[in-house]
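Asker: Questions regarding the structure given below will be posed in turn.
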Amino acid sequence: MSAEDDHSVSPLPPAALDDPHLQPYARRPEAAQTVAAVAMVIGFLGFIGFGVSYWVVASTQWQAATFGIGLFGFGFGVTAWGKYLMPQGPFVEERHQFHSTEAERDAMTAAVVERGGMVVKRRKVLGGLFALGSTAMGIVLLFPLLRSLGPKPGRTLFQTNWKKGSKAVTINGRQVYEEDLEVGGVMTVFPEGFEGSSPDQVILIRLADTTQPLSAPGRTSWGVAGYVAYSKLCTHLGCPVGLYQEQTQQLVCPCHQSVFNVLAGAVPEFGPAPRPLPQLPITVDAQGRLRANGTFDQAVGPGFWERP
Amino acid sequence: MIDESLRWVDDRLGIAKGGRTFLDKIFPDHWSFMLGEIALYSFVVLLGTGVFLSLYYVPSAHEIIYHGSYLPLRGQRVSEAYASTVGLSFDVRSGLLMRQAHHWAADIFVGAIAVHMARVFFTGAFRKPREFNWIVGVTMLILAIVNGFLGYSLPDDLVSGTGIRIAYSIIESVPLVGSYLAFFLFGGNYPGSGVIIPRFFIIHVLIVPLILLGLLGAHLGLLVKQKHTQFPGKSKSERNVVGSPMFPTFMAKTTGFLFMTTGVIFLLGGFVQINPIWQFGQYESYKISYAVQPDWYMGWLDGALRIMPSWEWVGWGHTIPLEVFLPAVIFPGIVFNIFYTWPFIESRHTKDLAYHNLLDRPRDRPKRTAAGAAMLGLLGTVFFASSTDVMANFFDLPLMGVLWFFRIAVIVVPIVSYFLAYQICNELRQAEGLGKRKRALAVTLTESGEYRTEESEPRPGDGAGVELEPVPVPAFIDVVPPELATGEGVRRVMR
Ligand code: HEM
Ligand code: FES
Numbered sequence: 001m002s003a004e005d006d007h008s009v010s011p012l013p014p015a016a017l018d019d020p021h022l023q024p025y026a027r028r029p030e031a032a033q034t035v036a037a038v039a040m041v042i043g044f045l046g047f048i049g050f051g052v053s054y055w056v057v058a059s060t061q062w063q064a065a066t067f068g069i070g071l072f073g074f075g076f077g078v079t080a081w082g083k084y085l086m087p088q089g090p091f092v093e094e095r096h097q098f099h100s101t102e103a104e105r106d107a108m109t110a111a112v113v114e115r116g117g118m119v120v121k122r123r124k125v126l127g128g129l130f131a132l133g134s135t136a137m138g139i140v141l142l143f144p145l146l147r148s149l150g151p152k153p154g155r156t157l158f159q160t161n162w163k164k165g166s167k168a169v170t171i172n173g174r175q176v177y178e179e180d181l182e183v184g185g186v187m188t189v190f191p192e193g194f195e196g197s198s199p200d201q202v203i204l205i206r207l208a209d210t211t212q213p214l215s216a217p218g219r220t221s222w223g224v225a226g227y228v229a230y231s232k233l234c235t236h237l238g239c240p241v242g243l244y245q246e247q248t249q250q251l252v253c254p255c256h257q258s259v260f261n262v263l264a265g266a267v268p269e270f271g272p273a274p275r276p277l278p279q280l281p282i283t284v285d286a287q288g289r290l291r292a293n294g295t296f297d298q299a300v301g302p303g304f305w306e307r308p
Numbered sequence: 001m002i003d004e005s006l007r008w009v010d011d012r013l014g015i016a017k018g019g020r021t022f023l024d025k026i027f028p029d030h031w032s033f034m035l036g037e038i039a040l041y042s043f044v045v046l047l048g049t050g051v052f053l054s055l056y057y058v059p060s061a062h063e064i065i066y067h068g069s070y071l072p073l074r075g076q077r078v079s080e081a082y083a084s085t086v087g088l089s090f091d092v093r094s095g096l097l098m099r100q101a102h103h104w105a106a107d108i109f110v111g112a113i114a115v116h117m118a119r120v121f122f123t124g125a126f127r128k129p130r131e132f133n134w135i136v137g138v139t140m141l142i143l144a145i146v147n148g149f150l151g152y153s154l155p156d157d158l159v160s161g162t163g164i165r166i167a168y169s170i171i172e173s174v175p176l177v178g179s180y181l182a183f184f185l186f187g188g189n190y191p192g193s194g195v196i197i198p199r200f201f202i203i204h205v206l207i208v209p210l211i212l213l214g215l216l217g218a219h220l221g222l223l224v225k226q227k228h229t230q231f232p233g234k235s236k237s238e239r240n241v242v243g244s245p246m247f248p249t250f251m252a253k254t255t256g257f258l259f260m261t262t263g264v265i266f267l268l269g270g271f272v273q274i275n276p277i278w279q280f281g282q283y284e285s286y287k288i289s290y291a292v293q294p295d296w297y298m299g300w301l302d303g304a305l306r307i308m309p310s311w312e313w314v315g316w317g318h319t320i321p322l323e324v325f326l327p328a329v330i331f332p333g334i335v336f337n338i339f340y341t342w343p344f345i346e347s348r349h350t351k352d353l354a355y356h357n358l359l360d361r362p363r364d365r366p367k368r369t370a371a372g373a374a375m376l377g378l379l380g381t382v383f384f385a386s387s388t389d390v391m392a393n394f395f396d397l398p399l400m401g402v403l404w405f406f407r408i409a410v411i412v413v414p415i416v417s418y419f420l421a422y423q424i425c426n427e428l429r430q431a432e433g434l435g436k437r438k439r440a441l442a443v444t445l446t447e448s449g450e451y452r453t454e455e456s457e458p459r460p461g462d463g464a465g466v467e468l469e470p471v472p473v474p475a476f477i478d479v480v481p482p483e484l485a486t487g488e489g490v491r492r493v494m495r
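Sequences listed follow chains A and B, in order. Each residue of the first sequence is one higher than the one before, counting from 1 in the working numbering. Each residue of the second sequence is one higher than the one before, counting from 1 in the working numbering.
If you want it as structure tokens, here you go:
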């Protein structure tokens, strides 16, 4: 007998009118019906209310209240109907083995192995060509699927638009002058013409009211007039390192709380960032404008495979 | 009428036999089976509200000047994506309701899947023959998380833009091919050539929902074919299913539940603000907002990124940003691989190759329960680690201390959870009758002024001997109040 036959329609033994399986689950069905009815009326009124509020008071709250309470009430009523007023059962259903018999399995295996064997053994050339052709198709289809999506990285990740002599400007393209920042002030700057460009963002910090060169050993000439400039891209995941704490002279990345020591060349002192923020050498020209005095000596932002 | 139409259809499709079986399909009555329904219905809400949103949302990074009715933004340069989402919130009637309901539905969707999955895990419902459905389920969980991320990236606001930036850097961290993948997906170095929003959009509204629909069909189809599992109990065996029939009882309960779930989502959508993008402002790559936190289901990855030490590997002219690659790629990879392979790991360990239609009580499988507790402990710890800064502020502790606390907790908590759960299981098993439903006590005052306490009548589910023998579903069910039913009223019920 196969599994399907088990479902054949079979007459049931007579069921008594007072069969407890057919009684509602509720002890007091009339009360349950009242509850369900009230809930469904609330639902109905809620839906009407939503319709009215859509046209009359279109506030989000009114719409949500009417529609949400309507849905909830309506659903509550229908659920209560099902749970408390429909026959409590319990009812039963037999499970049937849904797996095939051994003989059926053997037949399937034989079909696969023998017909397959025929294809592979007797028509080796065609089989091989089919494999070759479909593999080739799969591979060449990947070209447009992947390669058309975007350019190759090339050297892009190592480059920014900062060049020796680039003028530092604000996001609005305004020139930055030596006297623009108080001591302890910070500002986000870009190379002129590239305002808002993500890899070019630089944070300019005025550490002191001095003409003394500042910053880490070996890089004393990279700052100017109490200013230092660092790439604003966190070396962890590229969030803008937006928070400068003046007392401790630290830059903090709000994303995962990496902390960079500004006085020591922006080395990370805390958190997951692995590398210092790359420093941009800066200078002041004759008109007092801040300019790049070279470019970054390494790729800005988070790490990647090609980075040496 | 129905008879005739059915005849017409059956002549052509032959549906009556299978259809009848389907209407008789038995659903076990247990609250924990509702969890999957919550997931299903929030997905229905996502589809409905999502279609509404897609009629207004403009998937474009193109910059325009905002002219809508939200005054603080007037005259600012914003992207069309951002402007249209703000427009949905203020200038489209019912728009804000639909947007917020969509977002709430997404949060509830992922949550319901996760809890549903925990139910399946701890009761052993994934065992033979249901491994396929477990795998389909894990895939749907991953897709739900992915689509949630894509969805909340669409408005192009400051908070979600930061998330996209982080996603870019995570892709970039993959050894060998990372920068290529990132360049291809974004069309260039971050922020790319303006293609990411249209791409995210089409994946979000078409590709992932389509795959999800297919998987959902497979999930439910397998459920019908393999039938429900059930908890052991009177008359319940490996060879049967006991409960309520599909039609009408289950259909009524579940339809009602669809309305109730939708109702709750819309109440949340109207009264509990979520993702007020007009306050965050347009995304700019040089701006950042503080206490940025992603949607809850991304929290575990954010937490893992935070507590990871800064171990960048550099050598042979290359860099592997392990501080990103390990927590954001390898860690979720391992977690989802454990999820996928668990049924096979377990059956290899127990050497159990039998069919299982009866569920386990978690306490009866202490090792599995303990393993699940360890996983929950791990995920819970990294989840909370995503708010190290908030905690440090709130409890006025040094951030360093909070960070180290989590670095240690991420190892200690899973181990402790394992042994604790194991111990609790064993102790619970020794306490008999624990967890059985208590019978209510009725206090009555007699005429002589005396108080009496009596146990109430036993109810189904007490295990107090009132359980009826289950019977097959009769062809028709007519509810007769017991008063009217006489012993003679015998009706012949044909099946
Ligand atoms: C797995 C299912 C889905 C999930 C988890 C999901 C999640 C999300 C989330 C979290 C948002 C952000 C909403 C916000 O602005 O706060 C969103 C936006 C959006 N979703 Fe979905 N969604 C799903 C399915 C769909 C479908 C099927 C459609 C369309 C047919 C759709 C259309 C949209 C549109 C147009 C937006 C952008 C408008 C906006 O942000 O308000 N979504 N989605
Ligand atoms: S992006 Fe700066 S700490 Fe993670």
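Idealized CB from N, CA, C, for every residue including glycine.
Just reading off the beta strand (DSSP E) that M187/A is part of, what are its end residues?
Answerer: Residues 186-191.
Asker: At a cut-off of 7 Å, would you count L237/A as near the ligand FES, judging by its Cβ distance to the nearest heavy atom?
Answerer: At least one heavy atom of the ligand FES is nearer than 7 Å to the Cβ of L237/A, so yes.
Asker: State yes or no: is the beta carbon of I42/A nearer than 8 Å to at least one beta carbon in chain B?
Answerer: I42/A does not count as touching chain B.
Asker: What residues in its chain sit with their C-beta under 7 Å from that of G178/B, if we drop five residues either side in the sequence?
Answerer: Same-chain partners within the cutoff: I171, E172.
Asker: With 8 Å as the C-beta to C-beta threshold (strictly closer), list the residues of the stretch 150-170 of chain B near chain A in chain order.
Answerer: From the stretch 150-170 of chain B, only T162, R165, I166, Y168, S169, I170 have a Cβ closer than 8 Å to chain A.
Asker: Below 8 Å on the Cβ atoms is my guess for A16/B versus L23/B; work out the distance and round it to an integer in Å.
Answerer: Contact doesn't hold; Cβ gap of about 10 Å is too wide.
Asker: Does DSSP put I282/A in a helix, a strand or coil?
Answerer: Three-state DSSP puts I282/A in a strand.
Asker: Taking the beta carbon of P144/A as the centre, do at least 16 other beta carbons fall within 10 Å, making it buried, or is it exposed?
Answerer: Exposed, by the Cβ-count rule.
Asker: Compute the beta-carbon to beta-carbon distance between P302/A and H256/A, rounded to the nearest angstrom, for a pair I have assumed lies under 8 Å.
Answerer: So it is not a contact: roughly 12 Å between Cβ atoms.
Asker: Could you pull the start and end residues of the alpha helix (DSSP H) that G161/B belongs to?
Answerer: Taken as a continuous stretch (DSSP letters only), the alpha helix (DSSP H) holding G161/B covers 158-172.
Asker: Taking the straight line between their C-alpha atoms, what separation do you get for G532/B and A144/B?
Answerer: As displayed, chain B neither begins before 1 nor continues past 495, which places residue 532/B out of reach and without an answer.
Asker: Closest to C234/A by C-alpha separation, out of A218/B, P209/B, Y286/B, would be which residue?
Answerer: If we check each option's Cα against that of C234/A, Y286/B comes out closest.
Asker: By how many angstroms is the C-alpha of Y244/A removed from the C-alpha of A304/B?
Answerer: Straight-line Cα distance between these residues: approximately 25 Å.
Asker: Since P276/A and F260/A should fall inside the 8 Å C-beta cutoff, what is the C-beta to C-beta distance between them, to a whole number of angstroms?
Answerer: With a Cβ gap of about 7 Å, P276/A and F260/A count as contacting.
Asker: Can you look up T319/B in the DSSP assignment and give me helix, strand or coil?
Answerer: Strand, per DSSP.
Asker: Rounded to the nearest angstrom, what separates M117/B and V44/B at their Cα positions?
Answerer: Roughly 19 Å separates the two Cα atoms.
Asker: Report the residues of the stretch 243-261 of chain B with a CB closer than 9 Å to any CB of chain A, ordered along the chain.
Answerer: Taking 9 Å as the Cβ-Cβ cut-off against chain A, the residues of the stretch 243-261 of chain B that qualify are G243, S244, P245, P248, T249, F250, M251, A252, K253, T254, T255, G256, F257, L258, F259, M260, T261.
Asker: My understanding is that G184/A touches R206/A, with C-beta atoms under 8 Å, so please give their C-beta distance in whole angstroms.
Answerer: That belief holds up - the Cβ atoms of G184/A and R206/A are roughly 7 Å apart, short of 8 Å.
Asker: Take the Cβ of R119/B as the centre, count every other Cβ of all protein chains shown within 10 Å, and call the residue buried at 16 or more, exposed below.
Answerer: Counting Cβ neighbours within 10 Å, R119/B comes out buried, since at least 16 surround it.
Asker: Give the residues of chain A in contact with S84/B, contact being defined as C-beta atoms less than 8 Å apart.
Answerer: Per Cβ cutoff of 8 Å: no residues; S84/B is ~18 Å from chain A at best.
Asker: Helix, strand or coil for A225/A? Go by DSSP, reduced to three states.
Answerer: A225/A: coil per DSSP, three-state reduction.
Asker: Which value, in whole angstroms, describes the spacing of the CA atoms of G82/A and F250/B?
Answerer: The alpha-carbon atoms of G82/A and F250/B are separated by roughly 7 Å.
Asker: Buried or exposed for S417/B, please, with buried defined as at least 16 other CB atoms from any protein chain shown within 10 angstroms of its CB.
Answerer: Burial call: buried.
Asker: Tell me whether A273/A, by its Cβ, gets closer than 7 Å to a heavy atom of the ligand FES.
Answerer: Yes, since a heavy atom of the ligand FES falls inside the 7 Å radius drawn around the Cβ of A273/A.
Asker: Comparing the C-beta of Y297/B with each C-beta of chain E, is any distance below 8 Å?
Answerer: Protein chains A and B are contained in the structure displayed, whereas chain E is not.
Asker: Tell me, please, whether the CB atom of M108/A is closer than 8 Å to any CB atom in chain B?
Answerer: No, its Cβ sits nowhere closer than 8 Å to a Cβ of chain B.
Asker: Please compile the residues from chain A whose C-beta is within a distance smaller than 9 Å of the C-beta of H102/B.
Answerer: Per Cβ cutoff of 9 Å: no residues; H102/B is ~13 Å from chain A at best.
Asker: Can you have a look at H496/B and say buried or exposed, based on whether 16 or more other CB atoms are within 10 angstroms of its CB?
Answerer: No information on residue 496/B is available, as it lies outside the stretch 1 to 495 that chain B covers here.
Asker: Examine chain A for any beta-carbon lying closer than 8 Å to the beta-carbon of T369/B, and answer yes or no.
Answerer: So no, T369/B is outside the interface.
Asker: Counting only the same chain and skipping the five closest in sequence on each side, list residues whose C-beta sits under 7 Å from that of W278/B.
Answerer: Hits under 7 Å: Y70, L73, V86, S89.
Asker: Is N293/A helix, strand or coil when you go by DSSP?
Answerer: Three-state DSSP puts N293/A in coil, outside helix and strand.
Asker: Using a Cβ cut-off of 9 Å, pull out every chain B residue sitting near T220/A, in sequence order please.
Answerer: What T220/A touches in chain B: nothing, since even the nearest Cβ is about 26 Å away.
Asker: May I have the straight-line CA-CA distance separating Q175/A from P153/A, to the nearest angstrom?
Answerer: Their Cα atoms are separated by approximately 32 Å.
Asker: Along chain A, which residues have their Cβ under 9 Å away from the Cβ of T388/B?
Answerer: Near T388/B (Cβ distances below 9 Å), the residues of chain A are H256, Q257.
Asker: Taking 7 Å as the cut-off, is the C-beta of S386/B nearer than that to any heavy atom in the ligand FES?
Answerer: Outside the cutoff, so no.
Asker: Looking at S510/B and the ligand FES, is the gap between the Cβ and the nearest heavy atom below 7 Å?
Answerer: Any property of residue 510/B remains undetermined from this structure, which presents chain B solely from 1 to 495.
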